[in-house]
Structures are given as structure tokens and as C-alpha cells.
DNA sequence: TTGGTATTGAAAATCATTATCAATACACTG
DNA sequence: CAGTGTATTGATAATGATTTTCAATACCAA
Ligand SMILES: [Zn+2]
Ligand SMILES: [Zn+2]
Ligand SMILES: [Zn+2]
Ligand SMILES: [Zn+2]
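Chains as they are written, first to last, in the numbering used here: chain P, 1 to 130; chain E, 1 to 130.
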């Protein structure tokens, strides 16, 4: 059976203090800076569990890293700052409907969609434009 | 200046024969099986270039791998079969507009969005439902 | 307490991707 | 066509994130 350890609680808690998505490595650093002696592998395991159980949302950064965040339970999407990670949860019934309709039109079943927007929040000055 | 090598052409060509997204490793294997002696690093470089120049689309698989595909030039999104990889290009002005509007409403600049739908195509019987 | 077993974590193992760097192949010139 | 400057190649080492190992440890039910 699943056990309760201070480590899991520490990860859950630390994730809650984050403003946006964080990587396992990032959360681990954060925990260490707070004096925790939790192991990196444990953070990876805890985050995977939280995501699995629906307590956390996870997504792949454009660079391919797995990022996690404690989010609301309902299905939603994200507006993420590429610089500071600030995340805004957004609902988009419009998009939900579009995804459903599109999948159906092409005969695809059990559709799941990935819909996230990355940009620079008002507090972050956009780096040198292309 | 940029040079034309058989390697680049081989990658471009091989990518064209794929019906869905492929990883660099996968395309390299495919090329080798066809008798090519192209190097893995070169495939990575060629794919990165093609993506850069807009000749190929790239996205992250749910497992975090970078996948590539020869796609049409205009901005579009994808409907991908989780089983056979079959990919359908879809346009969604509706979503483009929504993404732009949403980013703006929250003060985000230089927005980029990730919008893809994964499901099972009509030719693939959905595996055991959850 | 005690015993059975999840869980932990330091370190090693994976794996995809990138960097090295000497050798090679292009493109252009004469 | 030969000669030159340099972009490209590719075997291999290096990176970096994530996973696995596995002995030590912490949970928790009894
Ligand atoms: Zn979320
Ligand atoms: Zn920001
Ligand atoms: Zn495409
Ligand atoms: Zn299919």
C-alpha cells in the first residue's frame, strides 16, 4: 500500500508554493535551499506520482523538460511565461469543442489534446527579438 | 554559404516517405536500413535545419522526444494517431485567434502555442479503455 | 515492539541530444 | 580540370535529464 512520508509531503508542499511550472531538478534545488535533505530521485518519483494521481499537471517545455505544477482539478490549459515560469490557468470551452469536433470529423476516437501558450509575461522584458 | 550534400537530400527525402512524425534516431535507423551510411549526428543536424527553415515541423512526443515531419509550409496543427502515427494536418484559424487574444488579454507578448490532438485513427482499434 | 515491505537516496546506468575536431567534400576560381 | 578556402561530416566523447539499482531505512498494521 502507499505510505505517507515527509518527503512526499515536502514535494507536494513545495509544489504548492511555486508560482508556475517547475522541473524536478528545479524543485529539488528549491527544497535543498530550504534546508531539506530530500534526494533527487525521490523528487522525481513524487512528482510522477502526483501527476499520475491528478494532483499535479505536467507538460513538456519547448526544450523537452518535464515540468510540473499544482493546478486546479478541472480540465484547463496554460499560458506560461518563458522567462519566469509564471503560469495562468485558462479555460477554453471554445478549444475543447473544436478539438472534439475536429477529431470526430477525421474519425479519430478517444481524443486528447495538448494546448498551451508560451510567451513573456508583462513583468519579463522579452529577450532580443529574432 | 550553405552547401548541398547527399546527406541533407537523403534526410529530406527520407522524411518525405514517412507518413507521420519520426524521431531523429528513428529516421537514422530507417536510412541505414535502406543502405545509407549517413551518420547519426548528421541526421540530427539536418532535421534541425529543416525544422529551422520551415521545411519540417517538429514537436515533442508525450515521452519528451523530438519528432519531425515534412509538412505543408503554412502554420497548422496536428491530429496524430497514438497507435500508427498517422498524422493529419489541420488548420484552426479559430484557435490561432483564440491564442492570440488570450495571450494579449493577460499581457503576454510573443506568444507561441502548442496545439495538437492525439487519438486513434479509424484504422486503429482503440486499445483497452481505461 | 516486531516483521514485512514500501520508500529512500547515493551512485551508476540510460538515453536522447550536442559538442569535438580531424578528415572530407563542396563551390568557386583561374 | 586542378587548387583553395571553408562548410560539412561522422566517430566518439561529453552533456544533461531521467531512471534504475539496491542496501539501508522508515512506515504501519498487527
Ligand atoms: Zn494546470
Ligand atoms: Zn515572466
Ligand atoms: Zn505539420
Ligand atoms: Zn492509426
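Here a beta-carbon is modelled for each residue, glycine too, at the ideal position from N, C-alpha and C.
Does ligand 3 have a heavy atom nearer than 7 Å to the CB of residue i?
| i | result |
| --- | --- |
| residue 89 of chain E | yes |
| residue 78 of chain E | yes |
| residue 69 of chain E | yes |
Given that a residue counts as buried once 16 or more other Cβ atoms are within 10 Å of its Cβ, and exposed if not, what is residue i?
| i | result |
| --- | --- |
| residue 98 of chain P | buried |
| residue 130 of chain P | Residue confidence for residue 130 of chain P is low, a pLDDT of 48 falling below 50, so the modelled location carries little weight and cannot support an answer. |
| residue 37 of chain P | exposed |
| residue 17 of chain P | exposed |
| residue 5 of chain P | exposed |
| residue 69 of chain E | buried |
| residue 111 of chain E | buried |
| residue 13 of chain E | exposed |
| residue 125 of chain E | exposed |
| residue 121 of chain E | buried |
| residue 131 of chain E | Any property of residue 131 of chain E remains undetermined from this structure, which presents chain E solely from 1 to 130. |
| residue 73 of chain P | exposed |
| residue 24 of chain P | buried |
| residue 81 of chain E | buried |
| residue 10 of chain E | buried |
| residue 75 of chain P | exposed |
Assuming residue i is part of the beta strand (DSSP E), what are its boundary residues?
| i | result |
| --- | --- |
| residue 88 of chain P | 87-90 |
Check residue i in the structure and name its three-state DSSP category.
| i | result |
| --- | --- |
| residue 130 of chain P | Note that residue 130 of chain P has pLDDT 48, beneath the 50 cutoff, so the model's placement of it is unreliable and the number below is only indicative. Residue 130 of chain P: coil per DSSP, three-state reduction. |
| residue 110 of chain E | strand |
| residue 60 of chain E | strand |
| residue 66 of chain E | strand |
| residue 125 of chain E | coil |
| residue 73 of chain P | coil |
| residue 120 of chain E | strand |
| residue 81 of chain P | strand |
| residue 20 of chain P | strand |
Does at least one heavy atom of ligand 2 sit under 7 Å from the Cβ of residue i?
| i | result |
| --- | --- |
| residue 84 of chain E | no |
| residue 123 of chain P | yes |
| residue 120 of chain P | yes |
| residue 81 of chain E | no |
Starting from residue i, trace the alpha helix (DSSP H) both ways and give me its first and last residue.
| i | result |
| --- | --- |
| residue 30 of chain P | 24-33 |
| residue 12 of chain P | 6-17 |
| residue 96 of chain P | 93-105 |
| residue 45 of chain E | 40-52 |
Would you check whether ligand 6 has a heavy atom nearer than 7 Å to the C-beta of residue i?
| i | result |
| --- | --- |
| residue 39 of chain E | Annotation note on ligand 6: not contained in the displayed structure, which lists ligand 1, ligand 2, ligand 3 and ligand 4 as its ligands. |
(message) Taking 5 Å as the limit, name every residue whose beta carbon sits nearer than that to some heavy atom of ligand 1, in sequence order.
(response) Any heavy atom of ligand 1 within less than 5 Å of a residue's beta carbon puts that residue on the list, which reads P:57 and P:71.
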